[in-house]
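The structure appears below as structure tokens.
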Amino acid sequence: MSVICWFRKGLRLHDNPALTAAIDQGMELFPVFVLDPWFVANARVGPNRWRFLHESLTDLDNSLKAIGSRLFILKGKPEEALVKYYSKFDVKAITWEYDSEPYSKERDQRIEEISESKGVKVIIKHGHTLYEAERIFKANGNKVPLTYQAMQKSMSNLGAPPKPKPAPSQLPSHCEPKNKALMTSTKFNIPSLEDLNIDVSELLPPLYPGGESEALKRMKKCLSKKQWICNFEKPKTSPNSLEPSTTVLSPYLKFGCLSSRLFYYELAKVYEGNKHSQPPVSLHGQLLWREFFYAVGALSPNFDRMEGNPICKQIPWSNDQKLLEAWKHVRLQGRTGYPFIDALMTQLKREGWIHHLGRHAVACFLTRGDLWQSWEEGMKVFEEFLLDADWSLNAGNWMWLSASAFFHQYFRVYSPVAFGKSTDPDGDYIRKYIPALSKFPTKYIYEPWKAPLSDQKAAGCIIGQDYPRPIVDHDIARKKNLQKMSNAYKADKEKRGADDTSNKAKKKK
DNA sequence: TATTGTGTTGGGATG
DNA sequence: CCATCCCAACACAAT
1 MSVICWFRKG LRLHDNPALT AAIDQGMELF PVFVLDPWFV ANARVGPNRW RFLHESLTDL
61 DNSLKAIGSR LFILKGKPEE ALVKYYSKFD VKAITWEYDS EPYSKERDQR IEEISESKGV
121 KVIIKHGHTL YEAERIFKAN GNKVPLTYQA MQKSMSNLGA PPKPKPAPSQ LPSHCEPKNK
181 ALMTSTKFNI PSLEDLNIDV SELLPPLYPG GESEALKRMK KCLSKKQWIC NFEKPKTSPN
241 SLEPSTTVLS PYLKFGCLSS RLFYYELAKV YEGNKHSQPP VSLHGQLLWR EFFYAVGALS
301 PNFDRMEGNP ICKQIPWSND QKLLEAWKHV RLQGRTGYPF IDALMTQLKR EGWIHHLGRH
361 AVACFLTRGD LWQSWEEGMK VFEEFLLDAD WSLNAGNWMW LSASAFFHQY FRVYSPVAFG
421 KSTDPDGDYI RKYIPALSKF PTKYIYEPWK APLSDQKAAG CIIGQDYPRP IVDHDIARKK
481 NLQKMSNAYK ADKEKRGADD TSNKAKKKK
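By this note's numbering, the letter at position 316 of the first sequence is numbered 316, and the numbering carries on one by one without gaps.
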């Protein structure tokens, strides 16, 4: 008799309720990860995030081995791969961590039904977020919280989040498989990235290696800077510093290498007795933003699309592949001709992470600010390149920045020239990520097309040749787009008004 | 139903 | 250089 602990997110031993529940079953334990071909075919996972996952699984396997178990990798559709081993391992129960993403919900529903039909008990635990979305929904008067304030209010109604539980030390002897050969069988080893047909040829050494060990190390390093923790205000951190100005714990939270509840309480310890910043700008506030988007994402239909999404403004974005590709810059060099934007996109592609405000700048530029392309396209690019690409947060923030939901002051447009200057007046960030501009005079580094030809020659970079001219004139595009936004908002309001009256008419009948 | 207050993190002019 | 104010103008929540 055995129990499977099915890892998906939550790639950690600490504060892992699904793992604890599995151990408590008092049976042989099989910690399992399923390599699901759906992700290869449908999810936009770039090589960098594949590597992060691979590193996280390797770390998890090592940690499990250290306490007397191991990770078993199964390949194939979960409903087939898991069921195959239900009989082979004589499985009586399976545990997993609740996952609110649409594909996961559907998948888990299927596995739950199949498992129960096979006499396998299903145990589902919450561990990925501070609070369960359903509880937030109830605490908000059975409504989806659509503002940060409403979210904060419902969370304060719920009280403090559950305390994190420590990682299990040596496993009880009942957990070890009776068939000792399974513990060393290479059949269940983690395949290499090459075996998975991931092209790693263009990857640079990882700046943010995956795994729980790395996550805890990184968190501890952050927590040791007590002043910094207490004074942290997100809007005051820099999007274009040469080293990240924030924690870069997001990839670890996304994969569950780090428990959000552990980080929450570790921060609280540092705060205790000290004056400290408050949500939404504090580090606690950042965790609450994550909660916010997770909750809305879990409770709203069609959250990652404009069509059929009730909270999303319907805006007639255009679809211009050339503009999109310039923004995404398919080739190594930046392609929009705006150095700040191109440098950010270069960092994104190369390192898998850019600062939150940098994401604002490029997202605004692609959508309502300059290029008038759909936020869904931008979301897909982020999904491919970000190590921390997280379904709810990604869709939610793209709606925010494109003024499609949550945020509506669309006349506030980030300037691709001025915005970066305040935190990096010399343009060192641009010089780092766009070598062609490295010798450009500071005066023109944010708008190189304005430099006299003599300066361009001296810097060894001719605009239009060694670095592109701007693909749009920001001042013109901005004005045009403001008008389009205004029209779209009016049309949206009218449409909603019409829907309302027809709804009311129906009710009266 | 109308009114008022508020909104994580802009830009530009002014002193 | 910086802090401060205004710009122009919207949706949504609260009342």
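C-beta atoms are modelled at their ideal positions from N, C-alpha and C, and glycine is treated no differently.
On a predicted model such as this, the values are computed, not experimentally measured, just so you know.
Annotated three-state conformation of A93 is strand, per DSSP. Annotated three-state conformation of K125 is strand, per DSSP. Between the stretch 260-278 and the stretch 375-383 there are fewer than three inter-stretch CB-CB distances shorter than 8 Å, so the stretches are not counted as touching. Between Y103 and K125, the C-beta spacing is not below 8 Å. For S245, there is no enclosing alpha helix (DSSP H), as DSSP marks it with neither H nor E. DSSP, read as helix, strand or coil, puts S259 in coil. Beta-bridge analysis with DSSP links W6 to V32 and W96. DSSP places S486 in the helix class (H, G or I) of the three-state scheme. Excluding five sequence positions before and after C230, the CB atoms of its chain that fall closer than 6 Å to its own CB belong to N274 and H276, given in chain order. If you ignore the 5 residues before and after K105, its C-beta comes within less than 8 Å of the C-beta of D99, all in its own chain and listed in chain order. Taking G378 as the centre and dropping the five residues before and after it, the same chain places the C-beta of A363, L366, T367 and W398 closer than 7 Å to its C-beta, in chain order.
Looking only at T442, E376, G396 and K187, the smallest Cα-Cα distance to K421 is reached by T442.
A residue is called buried once 16 or more other Cβ atoms fall within 10 Å of its Cβ, and H54 is buried on that count.
Contact annotation: Q170 and A93 have beta-carbon atoms that are not nearer than 8 Å. Secondary structure at Y410: coil, using DSSP grouped into helix, strand and coil. A straight-line Cα-Cα distance of about 15 Å links L207 and S213. One alpha carbon belongs to I462, the other to K236, and they sit about 35 Å apart. Between the stretch 291-311 and the stretch 338-350 there are fewer than three inter-stretch CB-CB distances shorter than 8 Å, so the stretches are not counted as touching. Inside the stretch 201-239, DSSP marks whole alpha helix (DSSP H) runs of 4 or more residues at positions 212-223 and 226-231, from first to last along the chain. Ranked by how close their Cα comes to the Cα of D473, the residues F407, L371, D492 and R431 have L371 in first place. Burial check for E28: the Cβ neighbour count within 10 Å reaches 16 or more, so the residue is buried. For L11, there is no enclosing alpha helix (DSSP H), since its DSSP letter is neither H nor E. At the C-beta level, P425 and L437 stay beyond 8 Å of one another. Of all alpha-carbon atoms in R51, P78, L283 and T336, the one lying nearest the alpha-carbon of L196 is that of R51.
For the pair C175 and A215, the CB atoms are not nearer than the 8 Å cut-off.
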